[in-house]
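These protein sequences, in sequence, are chains B and D.
71 is the number that UniProt numbering gives to position 71 of the first sequence; each next residue is one higher, with no gaps.
2 is the number that UniProt numbering gives to position 2 of the second sequence; each next residue is one higher, with no gaps.
Don't be surprised by glycine CBs; every beta carbon is placed ideally from N, CA and C.
If you're wondering where the values come from, they're calculated on a predicted model, not measured in any experiment.
Take a look at the structure below.
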Amino acid sequence: MAGIRGNERPAGWLFVAPAVLILGLFMLLPILMALWVSLTRWNGQGSPFTGSVPFAGLDNYTKLFTDEGLARQDFMTSIRNNAYYVLLVVPIQTVLALALALVVNNRLLKGKGFFRTAFYFPSVTSSVAISVVFLFMFANGGAINAILAVFGIDGPQWFSDPRGLVHLFFDTPPSFLTEHSLFGLSWWDWLAGPSVAMCAIIALVIWTTSGTFMVMFLAALQNVPVQLEEAGLIDGASAWQRLRHIILPQLRPTTFLVVTLGLIGTWQVFDQIYVMSQGNPAKTTLTPAFLSYRTAFRDFDYGTGAAISFVLFLIIVVLTLVQRRLTRERN
Amino acid sequence: MIRTLTSRFLGYAILIFFALVFLYPFVIQIANGLKTEANAAANPLSPFPDPLTWVSLERIFSGTGFPTWLGNSVLVTVVVTIGRVAFGSMAGYALSRLQFRGRKALFAGLLALMAVPPVVLLIPKFLVLNQLGMYNSYSGLIVPLLADATGIFVMKQFFDSVPVSVEEAARIDGAGVFRTFWSVVLPMAKPALITLTILSFTGSWNEFPHTLVSVQDPGLFTLPRGLADLVSGSLGAGTQYPLKLGAALLATIPVAIIFVIFQRYFVRDTTAGADKG
Numbered sequence: 001m002a003g004i005r006g007n008e009r010p011a012g013w014l015f016v017a018p019a020v021l022i023l024g025l026f027m028l029l030p031i032l033m034a035l036w037v038s039l040t041r042w043n044g045q046g047s048p049f050t051g052s053v054p055f056a057g058l059d060n061y062t063k064l065f066t067d068e069g070l071a072r073q074d075f076m077t078s079i080r081n082n083a084y085y086v087l088l089v090v091p092i093q094t095v096l097a098l099a100l101a102l103v104v105n106n107r108l109l110k111g112k113g114f115f116r117t118a119f120y121f122p123s124v125t126s127s128v129a130i131s132v133v134f135l136f137m138f139a140n141g142g143a144i145n146a147i148l149a150v151f152g153i154d155g156p157q158w159f160s161d162p163r164g165l166v167h168l169f170f171d172t173p174p175s176f177l178t179e180h181s182l183f184g185l186s187w188w189d190w191l192a193g194p195s196v197a198m199c200a201i202i203a204l205v206i207w208t209t210s211g212t213f214m215v216m217f218l219a220a221l222q223n224v225p226v227q228l229e230e231a232g233l234i235d236g237a238s239a240w241q242r243l244r245h246i247i248l249p250q251l252r253p254t255t256f257l258v259v260t261l262g263l264i265g266t267w268q269v270f271d272q273i274y275v276m277s278q279g280n281p282a283k284t285t286l287t288p289a290f291l292s293y294r295t296a297f298r299d300f301d302y303g304t305g306a307a308i309s310f311v312l313f314l315i316i317v318v319l320t321l322v323q324r325r326l327t328r329e330r331n
Numbered sequence: 001m002i003r004t005l006t007s008r009f010l011g012y013a014i015l016i017f018f019a020l021v022f023l024y025p026f027v028i029q030i031a032n033g034l035k036t037e038a039n040a041a042a043n044p045l046s047p048f049p050d051p052l053t054w055v056s057l058e059r060i061f062s063g064t065g066f067p068t069w070l071g072n073s074v075l076v077t078v079v080v081t082i083g084r085v086a087f088g089s090m091a092g093y094a095l096s097r098l099q100f101r102g103r104k105a106l107f108a109g110l111l112a113l114m115a116v117p118p119v120v121l122l123i124p125k126f127l128v129l130n131q132l133g134m135y136n137s138y139s140g141l142i143v144p145l146l147a148d149a150t151g152i153f154v155m156k157q158f159f160d161s162v163p164v165s166v167e168e169a170a171r172i173d174g175a176g177v178f179r180t181f182w183s184v185v186l187p188m189a190k191p192a193l194i195t196l197t198i199l200s201f202t203g204s205w206n207e208f209p210h211t212l213v214s215v216q217d218p219g220l221f222t223l224p225r226g227l228a229d230l231v232s233g234s235l236g237a238g239t240q241y242p243l244k245l246g247a248a249l250l251a252t253i254p255v256a257i258i259f260v261i262f263q264r265y266f267v268r269d270t271t272a273g274a275d276k277g
């Protein structure tokens with residue numbers, strides 16, 4: 001045995017060396033460097049690792065949560081925007097993916113392969129390229145408003161409309177909502193709902209990701225034992241009852257997975273924001289990921305930008321741990 | 001009988017409606033890339049360019065940085081794909097098969113790295129590239145992408161699922177670790193290698209955030225970066241839609257071709273990733 005295994009030790013390290021080097025140098029080390037920068041006031045000049053860079057301690061973090069000011073207001077606005085985005089994207093894409101999978105999986109229908117391909121294709125294309133297409137479709141007088149006009153609806157100017165969906169229902173805000181505030185935003189602002197502009201981005205994201213999740217549901221559906229459904233049929237259960245009491249319970253693990261993967265992904269939205277809105281109008285499409293980029297690379301406040309990244313990191317890591325725990329329980 | 005017929009009809013109606021929803025934006029993209037600007041503004045929904053014109057496509061090549069971006073994208077994609085396949089299969093094999101000290105810790109580290117969301121690496125990556133003097137260069141654009149944790153994971157899972165007997169036979173016949181890897185293991189791993197190649201190809205072809213923090217010279221832009229610049233930058237928003245849509249279309253074509261040819265491998269990725277998470 002020793003003869004065969006003898007040369008494995010150095011070989012093992014040699015095999016992993018390139019990957020370890022690259023991942024260590026461009027993932028692990030940068031994270032540590034950014035952790036340090038998030039404790040400083042580095043402005044992009046020279047190296048952040050010399051004594052001349054002012055040390056800020058936890059200031060960059062407290063600025064986001066406890067200190068009154070523009071930094072906190074922007075950060076909380078970005079959290080609010082992203083929360084509404086998550087609240088709409090995750091449920092809609094999950095239900096849509098499940099519904100499409102159920103229809104595609106129907107044994108009576110032909111052309112399964114074609115429809116699966118059609119629904120899945122958007123998710124493999126470049127996020128930047130597809131954002132360009134949606135920018136055109138949601139433009140003033142674009143395709144979406146042309147469709148809405150057919151139904152007699154006068155479409156909004158999507159990307160310049162900062163009004164929140166909830167705000168659309170009120171002419172004047174109730175005074176008790178504007179009087180109280182939390183983390184620098186009034187209750188009224190917290191309750192705004194996603195802006196009209198954000199809705200266009202939400203539509204794009206649901207459109208791109210539903211196909212991926214549909215494929216996951218399809219794979220799970222194929223593992224549901226046919227006998228179970230037939231038993232339900234014999235017992236005289238209606239289609240809805242079979243779905244509700246036989247199929248859905250079987251899909252529970254996949255549903256959990258799709259929801260948590262959705263939660264993890266939606267907190268990272270960046271490309272679409274960069275291409276379509278840059279956080280505008282009136283900061284209503286600002287998200288933590290884009291805010292951290294903007295703070296560092298446009299305002300040259302790398303410390304605050306890095307601090308925002310780490311808060312976002314924390315949110316996503318918690319969600320990832322939940323997802324891994326759920327997957328493990330399932331296995 | 002009637003019930004089956006109505007449910008079948010309803011099923012097709014739903015499927016066709018959604019197929020339109022998912023595919024029509026691409027029709028709009030193709031059609032409007034071939035329209036005049038006035039026509040695209042007046043009839044954005046129409047799938048028929050009237051008149052049909054190649055002006056925008058010609059302008060993409062003569063009036064924008066597109067040829068440069070295309071060249072850079074091809075270079076980045078080829079080098080990164082080769083790197084990811086080579087380093088990913090080597091590391092995946094070692095983590096699955098070879099006995100060496102630190103293997104378990106490395107695998108735990110790999111799982112941890114897979115949980116790191118790419119968007120929080122924007123500032124960190126810029127810092128390290130800046131510090132190493134690689135910012136704004138081809139090496140900065142390419143080297144950090146040469147290995148990815150998910151690819152290594154996919155390969156390790158694959159090797160875990162393959163019986164060791166064939167390799168052991170080779171080893172007993174006196175072949176060394178490298179010989180065995182090259183002439184016995186890799187030929188066997190063909191399906192996994194194809195999956196990894198496709199994953200790397202689409203991943204690096206579509207990569208956007210990394211190019212944003214690694215280069216700023218327009219001569220180093222890849223297609224997604226150039227496209228983003230075209231839309232939000234120099235040419236201004238609201239106009240030149242045929243040009244922008246045409247450029248976006250050209251950037252989508254290579255991935256579309258790969259997708260059509262290797263479709264079953266794409267579908268396999270998502271489910272494999274889903275299972276093991």
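Can you tell me the Cβ-Cβ gap for residue i and residue j, rounded? I've got them flagged as a contact below 8 Å.
i: Gly-151 of chain D; j: Ser-200 of chain D; result: 6 Å
i: Ala-296 of chain B; j: Ala-289 of chain B; result: At roughly 12 Å, the Cβ-Cβ gap does not stay under 8 Å, so Ala-296 of chain B and Ala-289 of chain B are not in contact.
i: Val-37 of chain B; j: Leu-250 of chain D; result: That belief does not hold up - the Cβ atoms of Val-37 of chain B and Leu-250 of chain D are roughly 38 Å apart, past 8 Å.
i: Leu-106 of chain D; j: Leu-95 of chain D; result: 7 Å
i: Pro-242 of chain D; j: Glu-37 of chain D; result: 6 Å
i: Val-104 of chain B; j: Lys-112 of chain B; result: 6 Å
Shorter than 8 Å from the beta carbon of residue i to some beta carbon of chain D?
i: Leu-243 of chain B; result: no
i: Leu-64 of chain B; result: no
i: Met-27 of chain B; result: yes
i: Glu-229 of chain B; result: no
i: Ala-19 of chain B; result: yes
i: Ile-206 of chain B; result: no
i: Arg-9 of chain B; result: yes
Distance, Cα to Cα, residue i vs residue j?
i: Ala-237 of chain D; j: Thr-284 of chain B; result: Residue placement at Ala-237 of chain D is flagged as unreliable, the pLDDT there being 48, under the threshold of 50; the coordinate-derived value follows with that caveat. Computed Cα separation, rounded: 19 Å.
i: Leu-75 of chain D; j: Leu-196 of chain D; result: 18 Å
i: Gln-93 of chain B; j: Phe-213 of chain B; result: 8 Å
i: Arg-163 of chain B; j: Leu-39 of chain B; result: 36 Å
i: Ile-308 of chain B; j: Leu-141 of chain D; result: 24 Å
i: Leu-235 of chain D; j: Arg-97 of chain D; result: Note that Leu-235 of chain D has pLDDT 44, beneath the 50 cutoff, so the model's placement of it is unreliable and the number below is only indicative. If I take the Cα positions, the gap works out to 54 Å.
i: Gln-250 of chain B; j: Gln-241 of chain B; result: 14 Å
i: Ala-99 of chain B; j: Val-224 of chain B; result: 16 Å
i: Leu-193 of chain D; j: Arg-179 of chain D; result: 18 Å
i: Phe-100 of chain D; j: Gly-176 of chain D; result: 16 Å
i: Pro-187 of chain D; j: Ala-19 of chain B; result: 21 Å
i: Phe-18 of chain D; j: Phe-119 of chain B; result: 8 Å
i: Asn-140 of chain B; j: Asp-161 of chain B; result: 11 Å
i: Ile-202 of chain B; j: Val-89 of chain B; result: 6 Å
i: Phe-159 of chain D; j: Glu-167 of chain D; result: 11 Å
i: Met-155 of chain D; j: Val-85 of chain D; result: 9 Å
i: Gly-51 of chain B; j: Ala-228 of chain D; result: 37 Å
i: Ile-130 of chain B; j: Ala-248 of chain D; result: 7 Å
i: Ser-175 of chain B; j: Ala-219 of chain B; result: 52 Å
i: Ser-195 of chain B; j: Phe-169 of chain B; result: 13 Å
Per DSSP, which residues does residue i bridge with? Please list them.
i: Phe-55 of chain B; result: B:Thr-40
i: Ser-195 of chain B; result: B:Gly-164
i: Ser-181 of chain B; result: B:Ser-186
Just checking: is the beta-carbon of residue i within a distance shorter than 8 Å of some beta-carbon in chain B?
i: Ala-19 of chain D; result: yes
i: Arg-11 of chain D; result: Looking at the sequence provided, one finds Gly at residue 11 of chain D rather than Arg. Cβ-Cβ to chain B under 8 Å: yes for Gly-11 of chain D.
i: Lys-104 of chain D; result: no
i: Gln-99 of chain D; result: yes
i: Ala-169 of chain D; result: no
i: Gln-157 of chain D; result: no
i: Val-74 of chain D; result: no
i: Gln-240 of chain D; result: no
i: Val-78 of chain D; result: no
Contacting positions in the segment 296-310 of chain B - beta carbon closer than 8 Å to chain D: If the cut-off is 8 Å between Cβ atoms, the segment 296-310 of chain B has Ala-296, Phe-297, Tyr-302, Gly-305, Ala-306, Ser-309, Phe-310 near chain D.
Output, in sequence order along the chain, the residues in the segment 133-144 of chain D whose CB is closer than 9 Å to any CB in chain B. Cβ contacts with chain B: Val-143, Pro-144.
Could you run through the segment 142-162 of chain B and flag, in chain order, every residue whose CB is less than 8 Å away from some CB of chain D? Within the segment 142-162 of chain B, contact with chain D at the beta-carbon level (separation under 8 Å) is assigned to Gly-142, Ala-143, Ala-146, Ile-147.
Name the residues in the segment 238-263 of chain B whose C-beta lies less than 7 Å from a C-beta of chain D; which are they? Under the 7 Å Cβ criterion, the segment 238-263 of chain B contributes Leu-257.
If you measure beta-carbon to beta-carbon, which residues of the segment 36-61 of chain D are closer than 9 Å to chain B? Cβ contacts with chain B: Ala-40, Ala-41, Ala-42, Asn-43, Pro-44, Leu-45.
By the 7 Å beta-carbon criterion, what residues does the segment 269-297 of chain B contribute toward chain D? If the cut-off is 7 Å between Cβ atoms, the segment 269-297 of chain B has Phe-270, Asp-271, Tyr-274, Val-275, Gln-278, Ala-289, Ser-292, Tyr-293, Ala-296 near chain D.
Any residues in the segment 175-192 of chain D with a beta carbon nearer than 9 Å to a beta carbon of chain B? Which ones, in chain order? Correct list: Gly-176, Val-177, Phe-178, Phe-181.
What are the residues in the segment 170-190 of chain B lying within 8 Å of chain D by C-beta distance? Using a CB distance below 8 Å, no part of the segment 170-190 of chain B faces chain D.
Determine which residues of the segment 25-58 of chain B have a Cβ less than 8 Å from any Cβ of chain D, and write them out in chain order. Hits within the stretch, in order: Leu-25, Phe-26, Met-27, Leu-28, Leu-29, Pro-30, Ile-31, Met-33, Ala-34, Val-37, Ser-47, Pro-48, Phe-49.
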